[in-house]
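To start, the structure under review is shown below, and the notes come after it.
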Amino acid sequence: WGLGSSLAMESIPPSARGMVSGILQCGYPAGYLLAAVVYGLLYGQTIGDFTFGWRAMFLLSFVPALIVLFIRSHVPESPAFVSGRAQARPGLLVTLQKHWGIALYAVVLMMFFNFFSHGTQDLYPTFLKKQHGFDPHTVSWITIVANIGAIVGGLAFGALSEKIGRVNAITLACVIALPAIPLWAYTTTPFMLALGAFIMQVAVQGAWG
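According to our numbering, the stretch in the sequence shown is residues -4 to 204, in order.
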């Protein structure tokens, strides 16, 4: 993600970074949505003596990874990277000594951003299955709804950040997440949980986008 976002941001004009950042961030929920569809269709299904379990889900994930080969062979390095290679640059330790404040800020910011995203996403299907006893089909469609919300949030807040600024867009997204917590975590029906997950992921990917 770090390398891909750097390549994208360095290859476009600054005026387009908000929208492109939102589009870039939509790749994560798009992949998650695809995985949820595959889970709903195949998990627990049996073909002969073979049953689709979690190992089969992981094996299927290699197909999208093949796109990396295309990127490596067809996508050039960013102009900023190419021009920077010709210039002498200080070492990592020298850079950290000079900019330790902003480096520490970035580490803390991304730590909380990852709490915000992975804390609300990664184990949510397991939460639905273990805590609520939902079948794979129900877990799948709730997860699909959540990731549709994530895509909406990434695109909407990416565009909005061009109007109100990055900090204001991130702050607004985080504020929207707060009232979604009771729906997302404490309701019991599939519809209300899906609604909470949708709003939560609009906010989460809105902040990231």
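Heads up, the beta-carbon is just placed ideally off N, CA and C, and yes, glycines get one too.
Nearest-angstrom Cα separation, counted from residue j out to residue i
i           : j           : result
residue 71  : residue 2   : 9 Å
residue 20  : residue 204 : 5 Å
residue 106 : residue 99  : 11 Å
residue -1  : residue 97  : 22 Å
residue 66  : residue 15  : 17 Å
residue -4  : residue 127 : 32 Å
residue 64  : residue 52  : 21 Å
residue 50  : residue 173 : 35 Å
residue 115 : residue 13  : 23 Å
residue 69  : residue 79  : 21 Å
residue 87  : residue 10  : 30 Å
residue 38  : residue 90  : 48 Å
residue 56  : residue 44  : 22 Å
Residue from the options with nearest C-alpha to residue i
i           : options              : result
residue 28  : 107, 161 and 136     : 136
residue 74  : 149, 8, 127 and 139  : 8
residue 59  : 30, 46 and 82        : 30
residue 108 : 187, 199, 127 and 0  : 199
residue 194 : 118, 149 and 163     : 149
residue 166 : 117, 111, 61 and 133 : 111
residue 117 : 12, 23 and 41        : 23
residue 175 : 94, 36 and 188       : 188
residue 182 : 122, 142, 62 and 43  : 122
residue 104 : 162, 82, 61 and 57   : 162
Start and end residues, alpha helix (DSSP H) containing residue i
i           : result
residue 63  : 62 to 69
residue 129 : Where residue 129 is concerned, there is no enclosing alpha helix (DSSP H), given that its DSSP letter is neither H nor E.
residue 84  : Premise fails: residue 84 is in no alpha helix (DSSP H) and is neither H nor E.
residue 3   : -3 to 5
residue 113 : 95 to 116
residue 16  : 12 to 20
residue 174 : 161 to 181
residue 200 : 185 to 203
residue 53  : 49 to 55
Integer Cβ distance of residue i from residue j, believed to fall under 8 Å
i           : j           : result
residue 131 : residue 34  : 6 Å
residue 179 : residue 160 : Not confirmed; about 27 Å, so no contact.
residue 168 : residue 201 : 4 Å
residue 134 : residue 124 : 5 Å
Beta-carbon proximity check, residue i vs residue j, cutoff 8 Å
i           : j           : result
residue 92  : residue 144 : no
residue 17  : residue 152 : yes
residue 32  : residue 139 : yes
residue 157 : residue 76  : no
residue 85  : residue 129 : no
residue 141 : residue 119 : yes
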